[in-house]
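Q: Residue numbers (this note's numbering), protein chains in the order written: chain A, -18 to 117; chain B, 433 to 512.
We put the CB at the ideal spot given by N, CA and C, even for glycine.
These numbers come from a predicted model, not from an experiment.
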Amino acid sequence: MRGLRSWFWVAGGVVAAGLALAAANGLGLRWDPFDLQGRRLEAARSRAALAEADYHARRAERDGDRIVSREIETVRQTEIEVGRVTATAIQQARDAHDADLPLAPDRVRRLDDHDRELCRHAPALCAGPGKADPAG
Amino acid sequence: MRPPSVPDPVRLTLPVEATRPCRLVTLGPSPTLADLETAYMARGEALVACDAARRLAVATLMAERAAQAMAARSDRQKLP
């Protein structure tokens, strides 16, 4: 009988503590000595700020990519048009009545010397001999 | 692992067209008048292509800088 009574007091104490906590919670009181909720809130804010900054960065990248895509299209169009014009002009040069006239040796030497000098300064530029006709 | 505190920076990919080297067309052996004329025209064509590649590289750089500025501006505007 005595044991039952002591259990009654324990259960009553637990119920009373629960009611007190519920009442305190209802009044806006929080038991958070380590500020865990505040830390969670701060972490969530940081994640949100990072996500927003990333969104702005990726959106700016997409806008930049669109500008570059337009520029690439312009370059391709230019290459096509210039290639067409050049191929036509080269064909006319090949068909000219004096097309097969050899260049004078001293002129060839001057041109070769100058090209050699240019290639010495910028080796990566030189297509090499026999590559003069891009139209084939 | 800690999550990053800053987003990946704004980067634009340099188009392959902008990375192509310029070329200098030269005369082959025993050139004729047509070879000279052809090389002259081919050099002009190569110059235009080279300039287009240069402009594309500059445009990409400028677009990247503008995108970085835009991202930074958007970031600043959201701050209280």
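Is the beta carbon of A/V151 less than 9 Å from the beta carbon of B/T492?
A: No answer is possible for residue 151 of chain A: the residues shown for chain A start at -18 and end at 117.
Q: Given that A/L22 touches chain B, what residues does it touch there, using C-beta distances under 8 Å?
A: Mapped onto the first sequence, residue 22 of chain A falls at position 41. Result: empty, since nearest Cβ-Cβ is about 16 Å, beyond 8 Å.
Q: Of the residues B/T458, B/A495 and B/A466, which one's Cα is nearest the Cα of A/H149?
A: Only positions -18 to 117 of chain A appear in the structure, and residue 149 of chain A is not among them; the question remains open.
Q: Hey, how far is the Cα of B/V438 from the Cα of A/V56?
A: Position 6 of the second sequence, counted from the start, is the residue given in the question as residue 438 of chain B. Position 75 of the first sequence, counted from the start, is the residue given in the question as residue 56 of chain A. B/V438 and A/V56: Cα-Cα distance of roughly 35 Å.
Q: With a Cβ-Cβ cutoff of 9 Å, do A/I61 and B/T470 count as a contact?
A: Locating residue 61 of chain A in the first sequence gives position 80, where the first residue counts as 1. Locating residue 470 of chain B in the second sequence gives position 38, where the first residue counts as 1. No, these two residues do not count as a Cβ contact at 9 Å.
Q: Which runs of the alpha helix (DSSP H) fall wholly inside the region 71 to 111 of chain A and span at least 4 residues, in chain order?
A: Listed in chain order, the complete alpha helix (DSSP H) runs (minimum 4 residues) inside the region 71 to 111 of chain A are 86 to 102.
Q: List the DSSP bridge partners of B/L456.
A: Sequence index remark: in the second sequence, residue 456 of chain B carries index 24 (1-based). Per DSSP, A/C107.
Q: Whole angstroms is fine: what's the gap from B/A450's alpha carbon to B/A481's?
A: Working through the second sequence from its first residue, we reach residue 450 of chain B at position 18. Working through the second sequence from its first residue, we reach residue 481 of chain B at position 49. In a straight line, the C-alpha of B/A450 is about 10 Å away from that of B/A481.
Q: Judging by CA-CA distance, which residue of A/D93, A/G(-16), A/A29 and A/L17 is the nearest neighbour of B/S462?
A: Start at 1 with the first residue of the second sequence, and residue 462 of chain B comes out as number 30. When each option's Cα is compared against that of B/S462, the closest is A/D93.
Q: Using alpha carbons as the reference points, say which of B/P441, B/P453, B/V442 and B/D440 lies closest to B/L488.
A: In the second sequence, the residue the question calls residue 488 of chain B occupies position 56. Of the candidates B/P441, B/P453, B/V442 and B/D440, the one whose C-alpha sits nearest the C-alpha of B/L488 is B/P453.
Q: For A/L2, would you say it is in contact with chain B, using Cβ-to-Cβ distances shorter than 9 Å as the test?
A: Residue mapping note: residue 2 of chain A aligns to position 21 of the first sequence, counting from 1. Not one chain B Cβ lies under 9 Å of A/L2.
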